[in-house]
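Heads up: the structure comes next, in C-alpha cells.
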C-alpha cells in the first residue's frame with residue numbers, strides 16, 4: 001500500500017473515532033487521536049515502514065497544531 005493511501009485510511013479512521021468518542025475539549029480530542037495512533041502503532045509495529053510511522057506522527061502533530069491555534 002502506498003503511503004498516501006495508508007495515511008488517508010488512518011485519517012478517516014481517526015475522524016470516525018472522534019465522532020464515536022465525541023471529545024468536548026481540544027485536550028480530549030488530542031488524547032483520542034494519540035490513543036488511536038498508539039493502538040495503530042502497537043498493532044502494526046512489525047509491519048510498518050519508517051515512513052508510515054513518521055506519517056502517523058505527523059497526523060498527531062497536525063491535531064496538536066490545530067488545537068494550539070484556537
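Numbering (UniProt numbering), first residue to last: 1 to 70. Cβ atoms here follow ideal geometry from the backbone N, Cα and C, with glycine treated the same way.
{"Query": "Where residue 48 sits in the DSSP three-state scheme", "Result": "coil"}
{"Query": "Option nearest residue 54 by Cα separation, candidates 29, 26, 66 and 41", "Result": "41"}
{"Query": "Residue 35 burial status per 10 Å Cβ neighbour count (16 or more: buried)", "Result": "exposed"}
{"Query": "Beta-carbon proximity list for residue 7, same chain, < 6 angstroms, skipping 5 on both sides", "Result": "55"}
{"Query": "Residue 25 - DSSP class collapsed to helix/strand/coil", "Result": "coil"}
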